[in-house]
Amino acid sequence: MNTIDIRTVNVVQYLQPLREGGSLPAIVKADDGFLYVLKFRGAGQGKKALISEFIGGELARAIGLKVPELVFMNLDDSFSKTEPDEEIQDLLKFSVGLNLGLHFLSSAITYDPLVSKVDSLTASKVVILDSLISNIDRTAKNTNLLNWNNELWIIDNGASFYFHHNWATWENHLTRTFPLIKDHVLLPKATQLQEASSAIKKVINAAVIDEIIANIPEDWLLNEGEILSPKEIRAAYIQFLNAKLSMIDQLVKEAEDAR
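Encoded structure:
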């Protein structure tokens, strides 16, 4: 796997909100000339959703899935001052600082389980990834997948790692499987779970996990009233992911049984 190298860009233009997303992400232009979907730190789930998005996206990339480039995006306070919509104004105000952007895939279409095509190995990898990161939000109702250039792209992992919303009990999640995999939109097409599992074991190890977690911006780990320090939070994500990796055969069996 390549060493992770996340670019940092500055938002220069707010173009439009994406109202189908619960957290009101937006299409913005950055100072590198490209368009991005900006995920805001000031949205409902706050910086924790950005952390989930980042870890899930980089793990997906590491196992060979298609993920739009992730960038850190600086947002200054000038945008909220010119925004007429009060809801968006507040979101911009609370999101000054470092946010997360995904490269905008122009003319991509939302994955539709009835008509979109996906090969079974890719479907199987996505199912196992979502079991590993406990992603509760890749269902037929909300697929969080895109089809672009006839390929499947992973775009939204913000609902993963839900244990981090309560650090007091996070260790209870270390030995749990992921029964909600039964609702996964790609489960019916995930007919190569064993092959996908072997492929994932070859590329994901403790060093890869360490590197991804090391790249989480320190600022995202600082939350008022948090009982763990940023260093302890990093260690918790590492411990959680290594625990899930050691349980991968169990998670695969659970998905196979659900299928």
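In UniProt numbering, the protein residues as written are 1 to 259. All C-beta atoms in this analysis are idealised placements derived from N, C-alpha and C, irrespective of residue type, glycine included. On a predicted model such as this, the values are computed, not experimentally measured, just so you know.
Helix, strand or coil: which one does DSSP assign to residue i?
i, result
"G33", "coil"
"L24", "coil"
"T110", "strand"
"V203", "helix"
"G225", "coil"
"M1", "Its pLDDT being 45, under 50, M1 is placed unreliably by the model, and nothing is read from it."
"L18", "coil"
"L91", "helix"
"G44", "coil"
"S116", "coil"
"V11", "strand"
"K39", "strand"
"K253", "helix"
"L100", "strand"
What do you get for residue i, buried or exposed, if any count of 16 or more other CB atoms within 10 angstroms of its CB means buried?
i, result
"G225", "exposed"
"Y31", "It is worth fixing the name first, because residue 31 is Asp in this sequence and not Tyr. That one is exposed."
"K81", "exposed"
"V71", "buried"
"I155", "buried"
"S107", "exposed"
"R7", "exposed"
"I109", "exposed"
"T122", "buried"
"D130", "buried"
"G33", "exposed"
"V28", "buried"
"N147", "buried"
"K202", "exposed"
"residue 264", "The displayed coordinates of the chain run from 1 to 259. Any statement about residue 264 would go beyond what the structure contains."
"I227", "exposed"
"residue 265", "Lying before the first or after the last residue shown, residue 265 is absent from the chain, which here runs from 1 to 259."
"L24", "buried"
"A207", "exposed"
"N205", "exposed"
"I68", "Checking the displayed sequence, the identity of residue 68 turns out to be Pro instead of Ile. Classification for P68: buried."
"S78", "exposed"
"K141", "exposed"
"N150", "exposed"
"S124", "buried"
"K117", "exposed"
"K189", "buried"
Quick test of your reading: residue i and residue j, contact by CB under 8 angstroms. State the CB separation rounded to the nearest angstrom.
i, j, result
"D137", "A159", "4 angstroms"
"E211", "I4", "6 angstroms"
"L221", "R234", "7 angstroms"
"V11", "L50", "That pair is no contact at about 15 angstroms."
"R19", "N99", "Actually they are not in contact, since the Cβ atoms of R19 and N99 sit about 18 angstroms apart, beyond 8 angstroms."
"M73", "Y14", "The Cβ separation is near 11 angstroms, so there is no contact."
"V115", "L187", "That pair is no contact at about 17 angstroms."
"I181", "A258", "6 angstroms"
"F178", "E254", "7 angstroms"
### Query
When the Cβ atoms of the segment 166-177 are set against those of the segment 85-96, are three or more pairs found closer than 8 angstroms?
no
### Task
Counting only runs of 4+ residues fully inside the segment 50-84, write out the alpha helix (DSSP H) ranges in chain order.
78-82
### Message
My parser needs the beta strand (DSSP E) runs of 3 or more residues fully inside the segment 143-193; what are they?
### Response
145-148, 151-154
### Query
Is it true that the segment 48-66 meets the segment 198-217, where meeting means three or more beta-carbon pairs spaced less than 8 angstroms apart?
yes
### Query
Per the contact definition of three or more C-beta pairs closer than 8 angstroms, is the segment 242-252 in contact with the segment 195-202?
yes
### Query
Do the segment 30-46 and the segment 56-66 touch if we need at least three Cβ pairs shorter than 8 angstroms?
no
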